[in-house]
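Student: Position 126 (the sequence shown) corresponds to 131 in my numbering; numbering is contiguous. Just so it is clear, CB atoms sit at the ideal spot from N, CA and C, and this is done for glycine as well. Model, not experiment: these values are computed from the prediction.
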Amino acid sequence: MAGVAPPFPPGDYDVTVVGSGPGGLQTSYWLRRFGVQHAVLSRDGAPAGMFQRFPIFQRLITWTKPDAPVARTTREYEWYDHNSLLADEPELKALVPGFMDRAFDLPSRSEMEAGIAAFANKAALRVRYGCTWESTRYDGDRVVLATTDGDYSSRAVVFAVGVTKPWFAAVPGLEHGAHYVDAMEPERYADRTVFIVGKRNSGFELAQGLLPWARSIFLASPRPVQTSALALSPLRVRYLHPYDEYARGGPGTYVLDVAIERIDRHANGFRVVANGTTWDGRLVLDVDDVIAATGFQTPMGDLPRIGLVTVNDGRVPALTPFWESVSLPGVYFAGNASQGAKGLAKRGAGASSTAVNGFRYNARVLAQHIAETLNVRTSEQAPIADLGSFLLHELSTAPELWVQKGYLCRVVGRGRTGLVDGGVLPLAHFLDSRDGDAAAASVEVDERGAIVPTIYVRRAGEISEHLLTPHPLHEYSSDVYTKEIEHVLRQLPA
Ligand SMILES: Cc1cc2nc3c(=O)[nH]c(=O)nc-3n(C[C@H](O)[C@H](O)[C@H](O)COP(=O)(O)OP(=O)(O)OC[C@H]3O[C@@H](n4cnc5c(N)ncnc54)[C@H](O)[C@@H]3O)c2cc1C
């Protein structure tokens, strides 16, 4: 029987999306919803991207609560389920919890992969699998991707190519070791001494996975573990176990503040020479394995050659608030790479664009922005009858605001006939814009780590910021808040 021809043959499309991980699939879903004609191509042979392989020790760090006080088909449930992709249709919502065995409220890698693949399947998202983007050029204002199957010419390209290309820190000899992506099954480290370079997510994940197997584990980097910052990170849920053992004086697990002078390879393993950073002294360690957990980068192909500006030591693209390259027009990024639009990061609180929970909302805002930029769609602006209760309701329940804290906001503006819903937008865009009087609600974090609902009012081009009093149950519907917000919103002219 002749095979079914793959979709999206090379040619002209309004938009081309590269990648079939959660970022690419979510973007394709919303582009279709907003009526944007587009092609999706991927080097992979199946959906789910990195979750077909990582996390290496098989357990996610983002939660899904299969049972919640709200139904799985509600918008509020997204707040309880940080892993499913988003959809308007009830049958496509909240697919990950249905695959969970409930051993943890953090899905396993395979449960996550199954949930994403089910989304692609049920939503009938089409992808040209086995097609690799190889190079890029401009043809007038069109972006042309040369791929293993031929050329794709588009008005805009969305790269959802992830951030899993190994990145090695500049440590002499580190290249002789393995990278996180090449780490073996934990049992292969039984009774071995393992030196892990890096004390962030992937380093602690490796150490935690090796605790029952390795003879000794060293976790090393120059800077001490920042326990106060980690207190707000999903990492602490499990991976701080090795740190806990070390901090309480347990033997065999060591969390070291050292600058590594060099790593030498010898017949039976490695010799690591390191100098203390927060203490005086020098260590010379003979170990069986060295693993670099020094991070990842976006596989940017030839984009830097044609002018892509990057951030984070060249690891991710520098992006505008709408996730467009600051230097290459029409080149957008989605998924984990959307972290290149940093937002305000006020008081040190970062966005959640590196995880599905955050970038699934970025994808919806991005798809709508592209639809409007290409004149495929103009935004619908529903009238708002009661501004105060609308914004308080959003502050109490909107998953976009609670996940993308201080990054996405809900906007209400003044239309021809009165107040209208301006939708969810990047907060950085709202604050930079001088476009009419408006108000925006955002959920933020203050200096002490408390979660603070915040209202911004833009009047005659001037922005004012108002922090509401935090509520322990995050309920902002009582009379106290109604009075507080009415007082704030009096600044908007009637
Ligand atoms: C170790 C680790 C653990 C993580 N744990 C979590 C977690 O618990 N929860 C969470 O939400 N996030 C986690 N993340 C973040 C994770 O990267 C994202 O949530 C998610 O996988 C990113 O999706 P993506 O679509 O951006 O990229 P990916 O899933 O990485 O998919 C990239 C896609 O791009 C395609 N591609 C790449 N290059 C090309 C090319 N040249 N041509 C064609 N196609 C190409 C690939 O084939 C693939 O389909 C983790 C990341 C790492 C590294």
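Report the residue ranges of all beta strand (DSSP E) runs contained in full by the stretch 333–407; include only those spanning at least 3 residues, in chain order.
Tutor: 336–338
Student: With a threshold of 7 Å on Cβ separation, who are the neighbours of leucine 30 within its own chain once the five nearest residues in sequence on each side are excluded?
Tutor: Pro52, Leu90, Ile121, Phe124, Ala125 and Leu130
Student: Could you pull out every residue in the same chain whose Cβ sits closer than 6 Å to the Cβ of glycine 420, ignoring the five residues on either side in sequence?
Tutor: Gln386
Student: So valine 448 packs on leucine 400, CB below 8 Å; how close in whole Å?
Tutor: 7 Å
Student: For leucine 413, which of Ala225, Asn362, Leu494 and Ala212 has the nearest alpha-carbon?
Tutor: Asn362
Student: Under a three-way DSSP split, which group does asparagine 280 fall into?
Tutor: strand
Student: In whole angstroms, what is the alpha-carbon distance linking proline 177 and aspartate 269?
Tutor: Near 9 Å, if we compare the C-alpha coordinates of aspartate 269 and proline 177.
Student: Assuming tyrosine 157 contacts threonine 303 (C-beta within less than 8 Å), just tell me the rounded distance between them.
Tutor: Not confirmed; about 19 Å, so no contact.
Student: So, at 6 Å on beta carbons, what are the nonlocal neighbours of alanine 297 in its own chain, with the 5 sequence-adjacent residues on each side left out?
Tutor: Around alanine 297: Phe173, Leu179, Gly182, His184 and Val202.
Student: To the nearest angstrom, report how far apart glycine 300 and valine 166 are at their CA atoms.
Tutor: 16 Å
Student: Applying the 10 Å Cβ sphere with the 16-neighbour rule, what's the burial state of glutamine 409?
Tutor: By the 10 Å Cβ count, glutamine 409 comes out buried.
Student: Name the residue from Leu432, Leu478, Ser482 and Gly393 whose alpha carbon lies nearest to the alpha carbon of histidine 492.
Tutor: Gly393
Student: Reducing DSSP to helix, strand and coil, say where histidine 271 ends up.
Tutor: strand
Student: In this structure, how does DSSP classify histidine 479 when only helix, strand and coil are distinguished?
Tutor: DSSP places histidine 479 in coil when its eight states are reduced to three.
Student: Does the stretch 257–277 come close enough to the stretch 216–233 to have 3 or more Cβ pairs within less than 8 Å?
Tutor: yes
Student: Just list the residues that DSSP pairs glutamate 329 with in beta bridges.
Tutor: Tyr337
Student: Can you find a heavy atom of ligand 1 that lies under 7 Å from the Cβ of asparagine 88?
Tutor: yes
Student: Can you name the start and end residues of the beta strand (DSSP E) that glycine 208 belongs to?
Tutor: Taken as a continuous stretch (DSSP letters only), glycine 208 belongs to no beta strand (DSSP E), being part of the alpha helix (DSSP H) at 206–215.
Student: Where does glutamate 467 sit, in a helix, a strand or coil, going by DSSP?
Tutor: Looking at glutamate 467 - three-state DSSP - the assignment turns out to be strand.
Student: Taking buried to mean at least 16 other C-beta atoms within 10 Å of its own C-beta, is glutamate 405 buried or exposed?
Tutor: buried
Student: Quick check on the burial criterion: 16 or more other C-beta atoms within 10 angstroms. Buried or exposed for methionine 6?
Tutor: Caution applies to methionine 6, whose pLDDT of 46 falls short of 50 and renders its modelled position unreliable; the value that the coordinates give is listed next. Methionine 6 counts as exposed, since fewer than 16 other beta carbons sit within 10 angstroms of its beta carbon.
Student: By how many angstroms is the C-alpha of arginine 463 removed from the C-alpha of histidine 471?
Tutor: 12 Å
Student: Alpha carbon to alpha carbon, what distance is there between valine 163 and alanine 342?
Tutor: 10 Å
Student: Find out if the Cβ-Cβ distance for the pair alanine 455, leucine 497 is shorter than 8 Å.
Tutor: no
Student: Under 8 Å between the Cβ atoms of glycine 306 and serine 33?
Tutor: no
Student: Reducing DSSP to helix, strand and coil, say where lysine 410 ends up.
Tutor: coil
Student: Using three-state DSSP, classify glycine 418 as helix, strand or coil.
Tutor: The three-state secondary structure of glycine 418, taken from DSSP, is strand.
Student: Taking all protein chains shown into account, decide if proline 475 is buried (16 or more other Cβ within 10 angstroms of its Cβ) or exposed.
Tutor: exposed
Student: Measuring only from the beta carbon, is aspartate 49 closer than 7 Å to any heavy atom that is part of ligand 1?
Tutor: yes
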